[in-house]
Amino acid sequence: MRRARPHPAGPASGATGEMVRAGAPVNGHHVLGQVVRLPVSTWRYHWDPPHVRHIGPMAQDWWAAFEVGEDDRTICCTDANGIALVAIQALHRQVEELRSQVTALQEQAAHRQPQESDSAGPQAR
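Counting from 1, position 21 in the sequence shown corresponds to residue 33 in the numbering used here; the numbering is continuous, with no gaps.
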């Protein structure tokens, strides 16, 4: 089995069809709901200089929300990317649904306007 090599640009996922076992489909709307409830804050490691700040969830909160990765002590970049992509896809579906609803409402409003002005009756002169 081929092992993932360190990548000069940082951690890289070696998740290819021949390297992973089949998984299960993901409910994007459920994942999006978990993302919305996930506490996110700025923080620094004890060894970081005072000017260094990071942003993100705590690993324990991540594990409680998604149960992906090895444990509740680390957040794997592959999993963080996957969660972000699934949430973006769910948001895209919601935006498309809302666009369809807005278009339908605009069409309804356009058809009603001429009828409403016609039914107002004779205008005083």
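Glycine is no exception: its CB is placed at the ideal position from the N, C-alpha and C atoms.
As the structure is a computational prediction, the values presented were derived from the model and not from experiment.
Any idea if residue i is buried or exposed, counting beta-carbon neighbours within 10 angstroms, 16 or more meaning buried?
| i | result |
| --- | --- |
| tryptophan 74 | buried |
| alanine 102 | buried |
| valine 48 | exposed |
| proline 69 | buried |
| isoleucine 67 | exposed |
Tell me the DSSP secondary structure of residue i in three-state form.
| i | result |
| --- | --- |
| glycine 29 | coil |
| threonine 115 | helix |
| threonine 86 | coil |
| histidine 66 | strand |
| tryptophan 55 | strand |
| valine 47 | helix |
| asparagine 39 | coil |
| valine 107 | helix |
| valine 98 | helix |
Rounded to whole angstroms, what is the Cα-Cα separation between residue i and residue j?
| i | j | result |
| --- | --- | --- |
| tryptophan 43 | alanine 99 | Reading off the sequence, residue 43 comes out as valine, not tryptophan. Those two C-alpha atoms are separated by around 6 Å. |
| alanine 121 | valine 114 | 10 Å |
| valine 64 | alanine 96 | 24 Å |
| alanine 76 | alanine 116 | 40 Å |
| valine 107 | tryptophan 59 | 42 Å |
| glutamate 109 | glutamine 118 | 14 Å |
| valine 38 | arginine 111 | 24 Å |
| arginine 124 | threonine 86 | 57 Å |
| glutamine 72 | arginine 105 | 29 Å |
| serine 53 | alanine 24 | 25 Å |
| glutamate 79 | methionine 31 | 21 Å |
Mind reading off the beta-carbon distance from residue i to residue j? Whole number of angstroms is fine, and I expect it under 8 Å.
| i | j | result |
| --- | --- | --- |
| threonine 90 | alanine 27 | 6 Å |
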